[in-house]
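**Student:**
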Amino acid sequence: MDKYDIHLKFLIEVFPDVEENTCKEIFTKKAKRDVRKALFYLVQPKINVDDLIEKFKNSKNKEEQLYLLQQILNWYCPNKAYSKIVKQLEKGIPFTIDTATLPKLKNFRRAPRIERLKQLLDVVASSELEIIESLLILLLPFGRELEPLWSRIDAYANYPDFELAKAAMNLLSKIPSGIQKSIITFANHCTNPKMRFHTLYSMQNEKNLPSKVLLNIFSPIIAEYQRLVSNQGAMNDLWQEFRLIQQILKNNGVVLSIPNIRLGRF
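Be aware that the sequence shown starts at 1257, since it is given in the working numbering, and climbs by one per residue.
1. Report all residues from its chain with a CB closer than 8 Å to the CB of residue 1322; omit the five preceding and five following residues, and keep chain order.
2. Roughly how many angstroms lie between the CA atoms of residue 1264 and residue 1361, to the nearest whole one?
3. Any C-beta of chain D sitting closer than 8 Å to the C-beta of residue 1363?
4. Would you mind giving the Cβ-Cβ distance between residue 1280 and residue 1297, rounded to the nearest angstrom? I have them listed as a contact below 8 Å.
5. Looking at residue 1420: is its Cβ nearer than 8 Å to the Cβ of residue 1395?
6. Just checking, does the stretch 1422–1442 make contact with the stretch 1453–1460 on the three C-beta pairs under 8 Å criterion?
7. DSSP state of residue 1366, grouped into three classes?
8. Cβ-heavy atom distance between residue 1347 and the ligand MN below 7 Å?
9. When you compare the stretch 1494–1508 with the stretch 1462–1475, are there three or more beta-carbon pairs, one atom per stretch, that lie closer than 8 Å?
10. Taking all protein chains shown into account, do 16 or more other C-beta atoms lie within 10 angstroms of the C-beta of residue 1440, making it buried, or fewer, making it exposed?
11. In angstroms with no decimal places, state the Cα-to-Cα distance between residue 1406 and residue 1434.
12. Taking the Cβ atom as the reference point for each residue, do residue 1303 and residue 1294 lie within a distance shorter than 8 Å?
13. Locate the alpha helix (DSSP H) running through residue 1467, then write down its first and last residues.
14. Residues in the same chain with beta-carbon distance under 7 Å from residue 1417, minus the five sequence neighbours each way, listed in chain order, please.
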């Protein structure tokens, strides 16, 4: 059995509700024996994306709207359905596939165009906050493509609703220079104890941020951590935040250690 036979067997096993001949036709003809494309095609809805968007516009039911959003994003890749299958495959389910194929499946992308992304943001703009939050989460794989729409995501990051603001900050962290452009937004959230941990968590992998700006933002948190060290020791109520601050500063050229904190130097 060659690798193409194995790939076809994989598709047939993960789509038991699809006729075997249909899987074979999609794999051999439509996808040209590219298992990535075949998997992508097989998770796509039967209704085209424009019709799904129209159904979303006409729906007044929140649960239906959430379902339709998921279906709309299944026209692009990665998506929830595609990623779930690939994660199972990483665990050897339904079986272990060749090592060269797995990274290719994981890295496969078919991103929406900027016009489509703008349309989706427009479509949910007047929806319930939970709907908007769901879209922002679904758009996480497409940070690069969302760069021209950065300001709209930043606006959501400034919403008073915590869950929506968190989802927007996560998405900003995926947009090239998103955190740099939204540094004021992140700085403001760092002053809010309810948002502080999540804000720092969203920033933990960011590089090329001005170290002086970061120290200005983090100084009140570091000072409070220093006060707690004196009373509670290093493993205090701000320990997790301090570790994230250490990581962010390290990524941007600043080493912050507990001995320095104990001596009042930072």
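Ideal Cβ positions, reconstructed from N, Cα and C, are used throughout, including at glycine.
Every value quoted in this text rests on a predicted model; they were computed, and no experiment measured them.
**Tutor:** So, to answer that:
1. By one-based count along the sequence shown, residue 1322 stands at place 66. Closer than 8 Å at the Cβ level, and outside the excluded window around residue 1322, lie 1386, 1387 and 1390.
2. For the purposes of this step, residue 1264 is identified with residue 8 of the sequence shown, where counting begins at 1. For the purposes of this step, residue 1361 is identified with residue 105 of the sequence shown, where counting begins at 1. When the Cα atoms are used, residue 1264 and residue 1361 turn out to be separated by approximately 14 Å.
3. Absent here is chain D; the protein component of the structure consists of one chain.
4. Numbered from its first residue, the sequence shown carries residue 1280 at position 24. Numbered from its first residue, the sequence shown carries residue 1297 at position 41. Rounded, the Cβ-Cβ distance is 13 Å, inconsistent with contact.
5. Taking the first residue of the sequence shown as 1, we reach residue 1420 at position 164. Taking the first residue of the sequence shown as 1, we reach residue 1395 at position 139. Contact flag unset, no.
6. Remark: three or more beta-carbon pairs, one from each stretch, lie closer than 8 Å, so the stretch 1422–1442 and the stretch 1453–1460 are flagged as touching.
7. What you label residue 1366 is simply residue 110 of the sequence shown in a count that begins at 1. Residue 1366 falls in the strand class under three-state DSSP.
8. Absence of the ligand MN is noted for the structure shown, with no ligands found whatsoever.
9. Because the criterion of three Cβ pairs below 8 Å is met, the stretch 1494–1508 and the stretch 1462–1475 touch.
10. By 1-based counting over the sequence shown, the position of residue 1440 is 184. So residue 1440 ends up on the exposed side.
11. Reading the sequence shown from its first residue, position 150 is the one you call residue 1406. Reading the sequence shown from its first residue, position 178 is the one you call residue 1434. Spanning the alpha carbons of residue 1406 and residue 1434 requires a straight line of approximately 7 Å.
12. Translated into positions along the sequence shown, residue 1303 becomes position 47. Translated into positions along the sequence shown, residue 1294 becomes position 38. No, these two residues do not count as a Cβ contact at 8 Å.
13. Within the sequence shown, residue 1467 is the residue found at index 211, counting from 1. Under the DSSP assignment, residue 1467 falls in the alpha helix (DSSP H) whose first and last residues are 1467–1488.
14. Here residue 1417 is taken as the residue at index 161 of the sequence shown, counted from 1. 1385.
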